[in-house]
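Counting from 1 along the sequence shown, just add 1484 to a position and that's the residue number in our numbering.
Following: one structure in structure tokens, then a few remarks.
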Amino acid sequence: MTEAIQRESPSPAGAIRLPTIVCSSVVRSVHQGESHGGVYLVDLERGDTTQVLDWADANIDWEGRGGDRGLRGIAFHDGLTYLAASDEIFVYDRDFELRGSIRNPYLKHCHEITVSNGRLYMASTGFDSVLEMDLAAQTFTRAWCLRYSDVWKLRRTLKLRIKPSFRRYDPSGSVGPRPADTSHVNNVVVRDGEIYACGTRLAALWRIDGTRLQSFARTPFGTHNTRPFRDGVLFNHTKTDRIAYASRDGKVLRSVSLPTYRLDALEHADLPSDLARPTFGRGLTVLDDHLIVGGSSPATVAVYDIDAEQMVRSVNITMDVRNAVHGLEVWPDEPSTDQGSD
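If you want it as structure tokens, here you go:
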């Protein structure tokens, strides 16, 4: 591990001792050979940040191993850390030594991942799919495709809330869906044994029940990291630079604004907003019933009290606006912990 690269003075956060967060970042608008992101351990209590991986290996096969997409979703199982890198899931030990990788023909542009009951779930954006893998058997077991027809762009423009087509398929077989990104599935989470998926174009958090797809909650277009929370849903509403807690019918009950910085303090702030912009919100996890942690750009990890609708603490990793947090999860104290970024 490298030395701590930055420290921010702690601020009061109540009685709870804040944990260490592991987060991945993506650096946009860079070239091959330059860093496309990395993985950091962020001690929220002390304000220390340590970079443990740098996605700048010149020996990477850019066509097949994530390309310029950097590292995204994070999950843990049996002392191992799983990191999503587009078309491949890398497996690291507690010291971030590479121990292997996972690939599948239907895994493309992977975003968030999670582990539940010994099974790894992956949001395969490039196939409009969620994949399931049995980690003990090291076999892919099930997959589900949530897809819109060829008129999805018109649907998005008109903001039509239409249920996607839905099919279950065998990710180890040869009769799965063709590559496409119509629903932009970007998150999968498991709660009480039930699988939930959402994406920027789905306009709902969908519950996957075997061969059935049911709407769990209405969400805005453009959300990331959507998950069940209390009696409703929690999500990064990236377009409005905030994290929101909403009822299942879509009414926002609480929200918090993401950290902002003076323009003259930012690096590469002159880039077009479609390449990189400040306050781009990605990454979300829950500490307890009211404290949540979210990521944003320039790479910042912050703790929020959703009931008080205020930021409790933030730790900045870099002021480079191109560098945005994506995957984010609590670093487990126990190596056997099953959990994942959602």
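Every residue, glycine too, gets a C-beta built ideally from N, C-alpha and C.
What three-state label does DSSP hand residue i in the structure shown?
| i | result |
| --- | --- |
| residue 1611 | helix |
| residue 1768 | strand |
| residue 1748 | helix |
| residue 1722 | helix |
| residue 1551 | Because residue 1551 sits at a pLDDT of 45, beneath the cut-off of 50, its placement in the model cannot be relied upon, and the following sentence gives the value as read from the coordinates. Reduced to three states, the DSSP call for residue 1551 is helix. |
| residue 1708 | strand |
| residue 1671 | strand |
| residue 1728 | strand |
| residue 1789 | strand |
| residue 1584 | strand |
| residue 1605 | strand |
| residue 1659 | coil |
| residue 1595 | strand |
| residue 1437 | Because the chain spans 1485 through 1826 in this model, residue 1437 falls outside it and cannot be assessed. |
| residue 1625 | strand |
| residue 1562 | coil |
| residue 1734 | coil |
| residue 1568 | strand |
| residue 1534 | strand |
| residue 1677 | coil |
Using a Cβ-Cβ cutoff of less than 8 Å, which residues in the same chain neighbour residue i once the five nearest sequence positions on both sides are dropped?
| i | result |
| --- | --- |
| residue 1763 | 1725, 1742, 1743, 1744, 1780 and 1781 |
| residue 1691 | 1678, 1679, 1680, 1697, 1698, 1699 and 1700 |
| residue 1721 | 1704, 1706, 1707, 1727, 1728, 1739 and 1765 |
| residue 1592 | 1570, 1571, 1608, 1609, 1610, 1611 and 1663 |
Note down, in chain order, each residue of its chain lying with its Cβ closer than 7 Å to the Cβ of residue i, except the 5 sequence neighbours on either side.
| i | result |
| --- | --- |
| residue 1667 | 1612, 1630, 1631, 1632, 1648, 1683, 1685 and 1686 |
| residue 1870 | Any answer about residue 1870 is impossible in this case: the structure gives the chain only from 1485 up to 1826. |
| residue 1582 | 1574 and 1576 |
| residue 1733 | 1702 |
| residue 1749 | 1803 |
| residue 1710 | 1671, 1682, 1689, 1703, 1717 and 1719 |
| residue 1544 | Note that residue 1544 scores a pLDDT of 47, beneath 50, so its modelled location is shaky and nothing firm can be said. |
| residue 1584 | 1575 |
Determine the burial state of residue i: buried for a count of at least 16 other Cβ atoms within 10 Å of its Cβ, exposed for fewer.
| i | result |
| --- | --- |
| residue 1807 | buried |
| residue 1818 | exposed |
| residue 1662 | exposed |
| residue 1556 | buried |
| residue 1538 | exposed |
| residue 1644 | exposed |
| residue 1688 | buried |
| residue 1665 | buried |
| residue 1596 | buried |
| residue 1695 | exposed |
| residue 1501 | exposed |
| residue 1533 | buried |
| residue 1766 | buried |
| residue 1747 | exposed |
| residue 1621 | exposed |
| residue 1598 | buried |
| residue 1550 | Confidence at residue 1550 is low in this model, with a pLDDT of 40, below 50, so its placement is unreliable and the value that follows should be read with caution. Under this definition residue 1550 is a buried residue. |
| residue 1658 | exposed |
| residue 1609 | buried |
| residue 1456 | The first residue shown for the chain is 1485 and the last is 1826, placing residue 1456 beyond what the model contains. |
Find the nearest neighbour of residue i within the set the options, judged by alpha-carbon distance.
| i | options | result |
| --- | --- | --- |
| residue 1505 | 1677, 1799, 1577 and 1694 | 1799 |
| residue 1601 | 1673, 1656, 1582 and 1555 | 1673 |
| residue 1654 | 1698, 1614 and 1749 | 1614 |
| residue 1769 | 1740, 1814, 1809 and 1624 | 1814 |
| residue 1774 | 1502, 1524 and 1788 | 1788 |
| residue 1830 | 1530, 1564 and 1678 | Nothing in the structure corresponds to residue 1830, since the chain is present only between 1485 and 1826. |
| residue 1715 | 1723, 1735, 1706 and 1721 | 1735 |
| residue 1669 | 1594, 1777, 1660 and 1563 | 1594 |
| residue 1578 | 1566, 1585 and 1587 | 1566 |
| residue 1586 | 1623, 1599, 1658 and 1786 | 1623 |
| residue 1646 | 1606, 1705 and 1625 | 1705 |
| residue 1693 | 1778, 1651, 1786 and 1531 | 1651 |
| residue 1842 | 1776, 1727, 1656 and 1761 | Nothing about residue 1842 can be reported from this structure: the residues present for the chain run from 1485 to 1826 only. |
| residue 1728 | 1607, 1776 and 1809 | 1776 |
| residue 1580 | 1723, 1523, 1660 and 1816 | 1523 |
| residue 1561 | 1527, 1605 and 1723 | 1605 |
Using C-beta distances below 6 Å, list every residue in its chain close to residue i, excluding the 5 sequence neighbours before and after it, in chain order.
| i | result |
| --- | --- |
| residue 1712 | 1675 |
| residue 1784 | 1743, 1798 and 1800 |
| residue 1793 | 1738 and 1740 |
| residue 1503 | 1814 |
| residue 1795 | 1786 and 1788 |
| residue 1521 | 1509, 1510, 1511, 1539, 1554 and 1555 |
| residue 1457 | Residue 1457 is absent from the structure shown; the chain starts at 1485 and stops at 1826. |
For my contact list, residue i and residue j are in at a C-beta cut-off of 8 Å; report their separation, rounded to the angstrom.
| i | j | result |
| --- | --- | --- |
| residue 1508 | residue 1811 | 4 Å |
| residue 1590 | residue 1627 | 6 Å |
| residue 1730 | residue 1805 | Contact flag wrong, Cβ pair sits at about 28 Å. |
| residue 1791 | residue 1738 | 7 Å |
| residue 1536 | residue 1525 | 6 Å |
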